[in-house]
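*Asks:*
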Amino acid sequence: MKFTLALLSVFTLSAAFDYQVLSGASEGALVSRTIGATEHTYVAYRSASNSLSVARLSNGTLVSETVWLNMPPSNTSINVSTTGTVLVSFWSGEKYRFAMSVYPGGGNCGPSSNWQCGDVPLPTGMTATGPGTIHGDVDSTSRAHFVYAFRNTGQIALFHGLYYRARHFLTGSWSASNRIYGPGGAGLSEQLPSAVFVGTGASPASLHFTSYGGGIVYACRSSGLPSTPAWNVSSVPSGGSAFGHADPTRHPNAFCSVTSSAPAQVRVTRRSPATGAWLGSTTVYGATQPSPATAQCSISERASGGGSAALTSVQGIVYVANTSAANWSGWTLDTVDSSSTFSKASAAHNSAGKILALYQGPGYLKFAREQ
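According to numbering that gives the first Met the number 0, the sequence shown holds residues 0 to 370 in order.
Shown next as structure tokens:
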């Protein structure tokens, strides 16, 4: 089967990658952040034993540990803060749950009690939620911030929407439930968060998140956290979109989206870091077939300029659209892996600006690292 690119300014290359396989793994999530001169690259996933596991890249090799035994995550997300704290969040057993790295002996799970695990409180009076997504980040005071989608399965959608909660590291206390947006027009009741970034300014922290649903991608921010959040919501001008994402490790100024109708396209939309004005969209992948229902993209902004967007084609080939230009021009489309049928590709950059990718194969997760 053939695919065609939507723009002549995007051309295909084949970069060289090293590969590692996590056998029996699924529901994976990737993050990488450079703090000082140290690279922090992690993969969170559901292990073959149906437990939450986290692997850290150490000397070029993924080294795994079981974090939460017999707790199978779905819709897994992972982030690493500016101080190196790792936060995993996921859906399991009709609840949202989290695991946060702490000092050895300071937690309640992990091989040396080096993780704090628990449930994220749902809206007041609610005890269960249907499958959805949750994303989080940790601020400089070790307070964990979460945004999640609540779905009251089988009942009236009165409480449906996106909610914010924060957990104090020392006391374990939670902020009051705060609904960011809920039932209403413009696809609000269908929104799912896909990335959360907490700013590095003075406490209370500022928070940015991206969500998608109902054909719309939203870019949202808030100040006054955690006690008095004030939310600013704007739609990303990328056309009808089935999915949207932003880099969770930095202030989001670039967004990738997957179109919701034929021809299948992946677009990157940028805004000015100085003014917030939208700068337009570039189509970095196009195909003649409609987007599959599981179509996703993942974007990572490179510290030295430009960025990368990971995607899987309708044939299951993993690509990374890439540019190193400060003005995000001159895109290339690198083939990462065509050895099987893959899905759910995500992207990051290591300390050298090289591309990292994680994606789902038949019965395993695969990690690719650009040479």
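The beta-carbon is built from N, C-alpha and C at its ideal position, and this holds for glycine as well. Source: prediction; values computed, not measured.
1) Hey, out of G212, A229, G214, K94, whose CA is closest to R220's CA?
2) In its own chain, which residues sit with a C-beta less than 6 Å from the C-beta of S256, not counting the 5 before and 5 after it?
3) Can the beta-carbon of A15 be found less than 9 Å from the beta-carbon of E369?
4) Is there contact between the segment 74 to 85 and the segment 104 to 111, where contact requires at least three CB pairs shorter than 8 Å?
5) Identify whether F158 lies in helix, strand or coil by the three-state DSSP scheme.
6) Fully enclosed by the segment 83 to 134, which beta strand (DSSP E) runs are 3 residues long or longer?
7) Buried or exposed, going by whether 16 or more other CB atoms sit within 10 Å of the CB of D17?
8) With distances taken from CA atoms, which of S234, G135, Y162, Y284 is nearest T123?
9) Taking DSSP as the reference, what is the three-state secondary structure of S337?
10) Restricting to Cα atoms, I'd like to know which of S193, G171, A127 is closest to V146.
11) Given T33, which residues of its chain have a CB within under 6 Å of its CB, disregarding the five upstream and five downstream residues?
12) Is it the case that the segment 167 to 181 contacts the segment 135 to 143, given that we only count it when at least three CB pairs across the two stretches are under 8 Å?
13) I'd like to check one pair, G362 with S22: are the Cβ atoms closer than 9 Å?
14) Would you call the CB atoms of W321 and D333 closer than 9 Å?
15) Buried or exposed, going by whether 16 or more other CB atoms sit within 10 Å of the CB of A324?
16) My understanding is that H250 touches H207, with C-beta atoms under 8 Å, so please give their C-beta distance in whole angstroms.
17) Would you list the one or two residues that DSSP bridges to E64?
18) What separation, rounded to the nearest whole angstrom, lies between the Cα atoms of P289 and A263?
19) Can you check the segment 237 to 320 for any alpha helix (DSSP H) of at least 4 residues that lies completely inside it and give the ranges in chain order?
20) Taking the CB atoms as reference points, tell me whether S299 and D246 lie closer together than 9 Å.
21) Relative to the C-alpha of V119, which residue among S226, F158, S174 is closest?
22) Output the distance between the C-alpha atoms of T199 and R150, rounded to the nearest integer angstrom.
23) If you draw a straight line from the alpha carbon of K94 to that of Q190, how long is it in whole angstroms?
24) Thinking just about the alpha-carbon of each residue, which of F341, V319, S338 is nearest to the one in T331?
25) Compute the Euclidean distance between the alpha carbons of A98 and W67, then round it to the nearest angstrom.
26) Below 6 Å CB to CB, which residues in the same chain sit around G360 once its five sequence neighbours on both sides are set aside?
27) What three-state label does DSSP hand S188 in the structure shown?
28) Helix, strand or coil for S342, going by three-state DSSP, please let me know.
29) According to the Cβ coordinates, are T248 and N74 closer than 9 Å?
30) From G160 to G131, what distance separates their C-alpha atoms?
31) For the beta strand (DSSP E) holding K365, just list the boundary residues, first then last.
32) At least one CB of chain C closer than 9 Å to the CB of L357: is that the case?
33) On the DSSP bridge list, what partners appear for A36?
34) Over the uninterrupted beta strand (DSSP E) stretch that includes D17, give me the two end residues.
35) Could you work out which residue in S48, R55, L51, N49 is closest to V42 when comparing CA atoms only?
36) Provide the residue span of the beta strand (DSSP E) that contains R418, from first to last.
*Replies:* Taking the structure as given:
1) With distances taken between Cα atoms, R220 lies closest to A229.
2) Taken in chain order, the residues that qualify are V216, S237, S240, G243, R266.
3) Between A15 and E369, the C-beta spacing is below 9 Å.
4) No, they do not touch.
5) Three-state DSSP puts F158 in a helix.
6) Counting whole runs of 3 or more residues, the segment 83 to 134 contains the beta strand (DSSP E) stretches 85 to 91, 94 to 100, 114 to 118.
7) Exposed, since its Cβ has fewer than 16 Cβ neighbours within 10 Å.
8) Relative to the Cα of T123, the nearest Cα in the group S234, G135, Y162, Y284 belongs to Y162.
9) Coil.
10) S193 is the residue among S193, G171, A127 whose C-alpha sits nearest the C-alpha of V146.
11) The answer, listed in chain order, is S350.
12) Yes: the two stretches touch, three or more of their Cβ pairs being nearer than 8 Å.
13) When the beta-carbon positions are compared, S22 and G362 come within less than 9 Å of each other.
14) One detail in the question is off: residue 321 reads as Asn in this sequence, not Trp. A contact, by the Cβ cut-off of 9 Å.
15) Under this definition A324 is an exposed residue.
16) Between the beta-carbon of H250 and that of H207 there is about 6 Å, and that keeps the pair under the 8 Å contact cut.
17) Answer is V53.
18) For P289 and A263, the distance between alpha carbons rounds to 5 Å.
19) Counting only runs of 4+ residues, no alpha helix (DSSP H) is found wholly inside the segment 237 to 320.
20) At a Cβ-Cβ threshold of 9 Å, S299 and D246 count as neighbours.
21) Per the Cα distances, S174.
22) T199 and R150: Cα-Cα distance of roughly 31 Å.
23) Going from the Cα of K94 to the Cα of Q190 covers about 18 Å.
24) Nearest option by C-alpha distance: V319.
25) Straight-line measurement puts the Cα of W67 at about 8 Å from the Cα of A98.
26) Taken in chain order, the residues that qualify are S339, F341.
27) Of the three classes helix, strand and coil, the one that applies to S188 here is helix, per DSSP.
28) In the structure shown, S342 falls within a strand segment according to DSSP collapsed to helix, strand and coil.
29) One thing to note: T248 has its Cβ no nearer than 9 Å to the Cβ of N74.
30) Approximately 11 Å, taken between the alpha carbons.
31) For K365, the uninterrupted beta strand (DSSP E) run begins and ends at 363 to 369, by DSSP.
32) Reference to chain C is not applicable here, since this structure consists of a single protein chain.
33) According to DSSP, A36 shares a beta bridge with no other residue.
34) That run of the beta strand (DSSP E) goes 16 to 22.
35) Residue R55 is the option with its Cα nearest to V42.
36) Because the chain spans 0 through 370 in this model, residue 418 falls outside it and cannot be assessed.
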